[in-house]
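Residue numbers (numbering that gives the first Met the number 0): 0 to 336.
Glycine included, every Cβ here is placed at the ideal spot set by N, Cα and C.
Everything numeric in this text was worked out from a predicted model, so none of it was measured.
As structure tokens, the structure follows; a few thoughts come after it.
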Amino acid sequence: MSAAPAGPVVSVRDLRIHFPAGRGETVKAVDGVSFDVQPGESFGVIGESGSGKSTLGRALVSLLAPTSGTVRHDGRDLAALPASEFRRQRRSYQIVFQDPNAALDPRMTILQSVREPLDIAGEGDAASRGRAALQALDHVGLAAEHAARYPHELSGGQKQRVNIARALTMTPRLIVCDEAVAALDVSIRAEILNLLTALQRELKLAYVFITHDLGIVAHVSQRVAVMYLGQFVEMAPVEMLLARPLHPYTEALLWAQPVAVPASLRPPGRRVLQGEIPSPISPPSGCRFRTRCPHAADRCAADVPAWREAEPGRWVACHYAGAVTGTTPLLEETSHA
Ligand SMILES: Nc1ncnc2c1ncn2[C@@H]1O[C@H](COP(=O)(O)OP(=O)(O)OP(=O)(O)O)[C@@H](O)[C@H]1O
Ligand code: SF4
Ligand SMILES: [Mg+2]
């Protein structure tokens, strides 16, 4: 096997993904996002329903093409490759969805399902592909006896293990987990998260963990981005973000998640997030969070807050970052912009 490439596994720059919405309108599902994920890193993406997480996740594995901006995989623009090479290279970047049934054909045995990506790739002979599929099942903790069963004969957690095994057969560099444990019972959820963490260590996988649940991010990710209405509003190492949010939206999410922040650590009188996320067809002017932000000032309607590195490794988009969350002195917008 050739040496792993140096540099980010995936590098996203000013990514926009817009969908036509009829009547000449456009859904700005992802609207100017930039970040890198390093080899072996687990990167969390959190945000409310409709913030653009799944759209971003699909773009990370080239299931959606950018409207503008770039997604580079190990330094390469896969979209620029000839079709057959694009398909071959894309296999290194896999996605696991929330619905354990989504990628499993009910008419196929588990072995056939796990072998399917290898069959499509056409590598080796049928016997070697079968062995590789059994090995992948073993890797995710499923015994050989499961291989002959059909999806309806497995539990949700077992089916999600099968989906992870399918991804592993492609020896991926990155797996995007889009709410991959959200449909599972709490006890099973922990098992799958522990499995993913063990695989990350063993196989040096990178993950992008998309979730509503800050508790999950705290459990499995090293860095996290907070997404709101198609954009990142904050990005930081997980412990820092949990201990000291700089953006009012992050703070509101934290207070809304009792698991992530014990009541004893929450300042009294903090407000829980009010209202609904606005439409991504016509987002608010200036700061997109201003219609729900308890700290919004006149400037917030007029000026778009810059996406800036307010402290080393900590990115935020708020004119009053830090000061309004009461966690730190005002981090001047000009200081690191
Ligand atoms: N193919 C599409 N055509 C039009 N609009 C779309 C399409 N896919 C997503 N959208 C819209 O883009 C926005 C972001 O959707 P997305 O599914 O990425 O959000 P999400 O953060 O994953 O939400 P959830 O937490 O509910 O899964 C939503 O307003 C959604 O309705
Ligand atoms: S820029 Fe203004 S409206 Fe936006 S999060 Fe900061 S204080 Fe709130
Ligand atoms: Mg989603």
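Sheet register partners of Q88 (DSSP bridge): According to DSSP, which records beta bridges pairwise, Q88 is partnered with nothing at all.
Span of the beta strand (DSSP E) around D13: 9 to 19
Check whether L59 and V175 have beta carbons under 8 angstroms apart: yes
Rounded separation between E233 and S61 - CA only: 24 angstroms
Proximity test, P277 beta-carbon vs ligand 1 heavy atom, cut-off 7 angstroms: no
Close-in-space but distant-in-sequence residues of the same chain around Q221 (CB under 8 angstroms, 5 per side omitted): E40, S41, F42, P236, V237
Q230: first and last residue of the uninterrupted beta strand (DSSP E) it sits in: 230 to 236
Check: A28 C-beta below 7 angstroms from any heavy atom of ligand 1: yes
A300 beta carbon less than 8 angstroms from that of R289: yes
Boundaries (first-last residue) of the alpha helix (DSSP H) holding W314: Careful: W314 lies outside any alpha helix (DSSP H), inside the beta strand (DSSP E) at 313 to 315.
Nearest candidate by alpha-carbon position, reference V32, set W314, A320, H318: W314
Entirely enclosed beta strand (DSSP E) segments - the stretch 55 to 131, minimum 3 residues: 67 to 72, 92 to 95
The stretch 83 to 96 / the stretch 127 to 144 touching (three or more Cβ pairs under 8 angstroms): no
Burial state of E24, where buried means 16 or more other Cβ atoms lie within 10 Å: exposed
Alpha carbon of G274 to alpha carbon of I45, nearest angstrom: 18 angstroms
Spatial distance of R188 from A181 (CA atoms): 8 angstroms
Those runs of the beta strand (DSSP E) which lie wholly inside the stretch 123 to 204 and span at least 3 residues: 173 to 177
Neighbourhood of Q118 by C-beta, 7 angstroms cutoff - its chain only, sequence neighbours within 5 removed: Here residue 118 turns out to be Asp, not Gln, going by the sequence shown. So the qualifying residues of the chain are R128.
Outcome for A146 when other beta-carbon atoms lying within 10 angstroms are tallied against a minimum of 16: buried
Y319 beta carbon near ligand 2 (any heavy atom closer than 7 angstroms): yes
Where T290 sits in the DSSP three-state scheme: coil
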